[in-house]
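Going left to right, the sequence shown walks through residues 1 to 459 as full-length UniProt numbering numbers them.
Each residue gets a CB set at the ideal place from its N, CA and C atoms; glycine is no exception.
What follows is a single structure, written as structure tokens, with notes after it.
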Amino acid sequence: MAARGYASKASLPPHDVIHMPALSPTMTQGNVGAWHKAVGDSIEPGELLVEIETDKAQMDFEFQEDGVLAKTLIEPGTKDVAVGTPICIMVQDKADIEAFKDYVPDAQKPESEPEETITEEDMAAPKEASPKSEASSSSSSTSSESSTSSPSSSSPTPGHIAATPSAKRVARERKIDLAEVKGTGPNGRIVEADVVNFKPKSSAPAKASSSPAKSAKSAAPAPAPAAGASYTDIPLSNVRKVIAQRLSESKQNVPHYYLTVELDASQVTALRTTLNAEARGRYKLSLNDFVIKAAGLALRDVPQVNAQWNETSIREFKNVDIAVAVATDNGLITPIVTESDKKGLSAISNGVREMAGRARQNKLQPHEYQGGTFTISNLGMFGIQHFTAIVNPPHAGILAVGGLEDKLVLDETAERGFSSRQVMKVTLSADHRIVDGAVGAKWLQAFKEYFENPLNMML
């Protein structure tokens with residue numbers, strides 16, 4: 001729910017300032033997508049107000065009270081809007097809308113993206129200052145800003161350009177003159193997206209940097225493409241940034257090890273066919289539903305794997321909540337099947353199908369993809385027979401599931417001494433800080449026992 005603020009200006013009618021909500025515990029900023037309501041539209045509790053892309057997913061923000069949208073303060077497509085930034089004004093009476101035509105909130109500056117005053121030198125600058133001069137310049141800029149700007153000012157000081165630090169950084173890296181960039185942020189402030197999407201009017205090459213070395217704090221520039229190369233730079237979504245950050249940290253900080261086992265899927269595929277034939281439209285079981293159920297029961301039996309690392313302790317969870325990796329256009333998201341050890345196969349199947357559909361439409365709520373105690377990633381439907389997955393922190397393990405394949409096996413009961421079986425491989429990636437190899441093997445054997453004897457899942 002967005003933070004709300006009551007009118008502070010006596011000249012204005014009663015109104016509510018709606019701020020950028022924190023839609024997840026880790027969210028510090030978000031991107032504003034399309035507005036579902038226009039100025040003058042009435043809104044009832046539960047109606048969709050605006051699309052917001054968080055650090056986890058893209059979702060619709062539902063307004064929880066009655067009101068009329070009087071003014072939107074953030075344009076669609078604006079990126080990196082800090083939590084708490086005013087995004088729109090709500091009133092109770094449509095007659096009050098006109099009073100907010102030129103309204104500018106007192107606090108336009110997001111805490112995580114403070115407005116910077118950029119001088120001519122900054123705009124020209126691919127040139128990097130020394131750490132000492134940078135600190136001096138920063139101090140001077142801050143002093144100048146505090147003495148010349150006021151909250152009610154809606155335009156930057158003449159001769160200066162307002163831009164966010166990330167916009168300034170990208171401009172330096174790409175050698176873009178900020179004087180040529182049109183800002184789309186509050187009060188015309190230049191945000192990072194403006195610089196990323198900027199197309200120079202002239203094809204003249206940018207002036208080379210006078211400094212051969214970049215500051216250690218600056219991001220490394222992209223390597224120059226080969227002569228004649230054709231390419232497209234795709235801006236990173238918040239979801240992609242978080243995936244990159246979390247999985248890089250996992251690979252660097254979590255001591256992984258991997259255990260692989262081959263499963264006989266003959267009984268489970270036969271049972272699946274029988275149950276689906278009797279379903280009468282109530283459910284349609286997939287092989288992955290049996291994987292989730294077997295994993296849930298194995299986590300119940302071997303709770304050391306249903307755990308997370310807390311630096312000073314290892315926390316073993318009593319609830320078994322399995323995150324199931326789902327690929328979407330925006331990146332990977334993991335809807336959670338709660339109480340996987342207790343739910344029946346039909347409940348698991350229907351729940352996963354419904355959440356996966358909403359995940360691909362960016363309709364999941366934060367509590368549906370945050371948390372969990374274990375992860376499953378299945379690439380079998382893409383013809384992948386075997387792979388290893390990266391542990392999803394803070395989980396202790398993730399199970400990588402391959403696809404079915406036919407295999408000839410020795411069979412003394414068969415006339416020719418062998419028979420064809422359907423088999424599949426699964427690989428457990430585990431955090432060695434939490435799960436020792438023997439414990440991981442014990443869990444994998446428990447999983448194998450349930451999966452190869454699926455009737456045991458129903459007892």
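Out of A298, D66, I390, which has the shortest C-alpha to C-alpha gap to I89?
-> What you label residue 89 is simply residue 89 of the sequence shown in a count that begins at 1. When only C-alpha atoms are compared, the closest one is D66.
Go ahead and label G383 buried or exposed: buried means 16 or more other beta carbons lie within 10 angstroms of its beta carbon, across all protein chains shown.
-> As a position in the sequence shown, residue 383 is number 383, starting the count at 1. Per the 10 Å Cβ criterion, exposed.
Would you report the Cα separation of N306 and I314, rounded to the nearest angstrom?
-> Mapped onto the sequence shown, residue 306 falls at position 306. Mapped onto the sequence shown, residue 314 falls at position 314. Rounded to the nearest whole angstrom, the CA to CA distance from N306 to I314 is 10 Å.
For Y103, the first and last residue of its enclosing alpha helix (DSSP H) | Locating residue 103 in the sequence shown gives position 103, where the first residue counts as 1. Neither: Y103 is in no alpha helix (DSSP H) and is coded neither H nor E.
Take T119 and list the residues in its own chain whose beta-carbon comes closer than 6 Å to its own, dropping the five residues that flank it on each side.
-> One-based indexing of the sequence shown puts residue 119 at position 119. The pLDDT assigned to T119 is 41, lower than 50, so where the model puts this residue is not dependable, and the model offers no usable value.
Could you tell me if R282 is buried or exposed, where buried requires 16 or more neighbouring beta carbons within 10 angstroms of its beta carbon?
-> What you label residue 282 is simply residue 282 of the sequence shown in a count that begins at 1. A residue is called buried when at least 16 other Cβ atoms come within 10 angstroms of its Cβ; R282 does not meet this threshold and is exposed.
Do you know how far the Cα of G183 is from the Cα of T373?
-> By one-based count along the sequence shown, residue 373 stands at place 373. By one-based count along the sequence shown, residue 183 stands at place 183. Looking at the two C-alpha atoms, the distance is approximately 43 Å.
Helix, strand or coil at L247 according to DSSP, with G and I counted as helix = Translated into the one-based positions of the sequence shown, residue 247 becomes position 247. For L247, the secondary structure class from DSSP, reduced to helix, strand or coil, is helix.
Straight-line gap, G440 to L69 (C-alpha atoms, nearest Å) | Translated into positions along the sequence shown, residue 440 becomes position 440. Translated into positions along the sequence shown, residue 69 becomes position 69. Their Cα atoms are separated by approximately 55 Å.
Spatially closest choice to A265 from W443, T78, L48, R421, by CA coordinates | On the sequence shown, residue 265 is found 265 positions in, with the first residue counted as 1. Measuring from the Cα of A265, the nearest candidate turns out to be R421.
Taking one C-beta from the region 280 to 298 and one from the region 344 to 363 each time, how about it: are there three or more such pairs within less than 8 Å?
-> Between the region 280 to 298 and the region 344 to 363 there are three or more C-beta pairs closer than 8 Å, enough to call the two in contact.
Counting only runs that start and end within the region 328 to 387, where is the beta strand (DSSP E) found for 3 or more residues in a row?
-> Within the region 328 to 387, the complete beta strand (DSSP E) runs of at least 3 residues are 331 to 333, 374 to 378.
Separation of N453 from D301, as counted between CA atoms = In the sequence shown, counting from the first residue as 1, residue 301 sits at position 301. In the sequence shown, counting from the first residue as 1, residue 453 sits at position 453. In a straight line, the C-alpha of D301 is about 16 Å away from that of N453.
With C-beta atoms as the reference, is H256 less than 9 Å away from A82?
-> What you label residue 256 is simply residue 256 of the sequence shown in a count that begins at 1. What you label residue 82 is simply residue 82 of the sequence shown in a count that begins at 1. Result no, Cβ atoms of H256 and A82 do not sit closer than 9 Å.
For N276, the three-state DSSP class (helix, strand or coil) = Position 276 of the sequence shown, counted from the first residue, corresponds to residue 276. It is helical.
Which partner residues does N31 have in the DSSP bridge list?
-> As a position in the sequence shown, residue 31 is number 31, starting the count at 1. Note: N31 sits in a beta bridge opposite E53.
What residue range is occupied by the uninterrupted alpha helix (DSSP H) comprising F61?
-> In the sequence shown, the residue the question calls residue 61 occupies position 61. Counted as a single uninterrupted DSSP element, the stretch harbouring F61 is not any alpha helix (DSSP H) but the beta strand (DSSP E) occupying residues 58 to 62.
Rounded to a whole number of angstroms, what is the C-alpha to C-alpha distance between K293 and A325?
-> If you number the sequence shown from 1, residue 293 lands on position 293. If you number the sequence shown from 1, residue 325 lands on position 325. The alpha-carbon separation between K293 and A325 amounts to approximately 15 Å.
Going by other Cβ atoms of all chains shown within 10 Å of its Cβ, with 16 needed for buried, is A396 buried or exposed?
-> Position 396 of the sequence shown holds residue 396. That one is buried.
Identify which residue in D16, G30, M59 has its Cα closest to the Cα of H367.
-> Working through the sequence shown from its first residue, we reach residue 367 at position 367. Nearest C-alpha to H367: M59.
Grab the span of the alpha helix (DSSP H) containing D194 for me, first residue to last.
-> Within the sequence shown, residue 194 is the residue found at index 194, counting from 1. For D194, the enclosing alpha helix (DSSP H) covers residues 192 to 196.
Which one of G371, A57, L410, S250 has the shortest CA to CA distance from G236?
-> For the purposes of this step, residue 236 is taken as the residue at position 236 of the sequence shown. Note that residue 236 corresponds to Leu in the displayed sequence, not to Gly. Ranking G371, A57, L410, S250 by Cα distance to L236 puts A57 first.
Inspect the beta-carbon positions of G331 and R240 and report whether they are closer than 9 Å.
-> Stepping through the sequence shown from its first residue, residue 331 is reached at position 331. Stepping through the sequence shown from its first residue, residue 240 is reached at position 240. Cβ distance < 9 Å, so G331 and R240 count as in contact.
Look up M424 in the DSSP assignment and give the residues it is bridged to.
-> On the sequence shown, position 424 is the one that residue 424 refers to. The partner list for M424 (beta bridge, DSSP) reads L263.
Nearest-angstrom Cα separation, counted from E412 out to E53 = The count along the sequence shown starts at 1 and reaches residue 53 at position 53. The count along the sequence shown starts at 1 and reaches residue 412 at position 412. E53 and E412 have their C-alpha atoms spaced approximately 59 Å apart.
Backbone CA spacing between M27 and A446 [nearest angstrom] | Position 27 of the sequence shown holds residue 27. Position 446 of the sequence shown holds residue 446. Going from the Cα of M27 to the Cα of A446 covers about 37 Å.
Below 8 Å on the Cβ atoms is my guess for A167 versus E192; work out the distance and round it to an integer in Å.
-> Here residue 167 refers to the residue found at position 167 of the sequence shown. Here residue 192 refers to the residue found at position 192 of the sequence shown. At roughly 5 Å, the Cβ-Cβ gap stays under 8 Å, so A167 and E192 are in contact.
Taking the Cβ atom as the reference point for each residue, do G417 and L428 lie within a distance shorter than 9 Å?
-> Here residue 417 corresponds to residue number 417 of the sequence shown, with the count starting at 1. Here residue 428 corresponds to residue number 428 of the sequence shown, with the count starting at 1. For G417 and L428, no; Cβs fall outside 9 Å.
By a C-beta neighbour count over all protein chains shown, 10 Å radius and 16 as the cutoff for buried, is I434 buried or exposed?
-> As a working mapping, residue 434 is identified with position 434 in the sequence shown. Classification for I434: buried.
Could you please give the first and the last residue of the uninterrupted alpha helix (DSSP H) stretch that includes G440?
-> As a position in the sequence shown, residue 440 is number 440, starting the count at 1. Its alpha helix (DSSP H) spans residues 437 to 452.
Whole-number beta carbon distance between I322 and I336, since they are thought to touch under 8 Å | Counted from its first residue, the sequence shown places residue 336 at position 336. Counted from its first residue, the sequence shown places residue 322 at position 322. So it is a contact: roughly 7 Å between Cβ atoms.
Looking at C-alpha atoms only, which residue of N378, S340, T328 is the closest neighbour of F317?
-> Start at 1 with the first residue of the sequence shown, and residue 317 comes out as number 317. It is S340 whose Cα lies nearest to the Cα of F317.
Would P14 be called buried (16 or more neighbouring beta carbons within 10 Å of its own) or exposed?
-> One-based indexing of the sequence shown puts residue 14 at position 14. Flag for P14 reads exposed.
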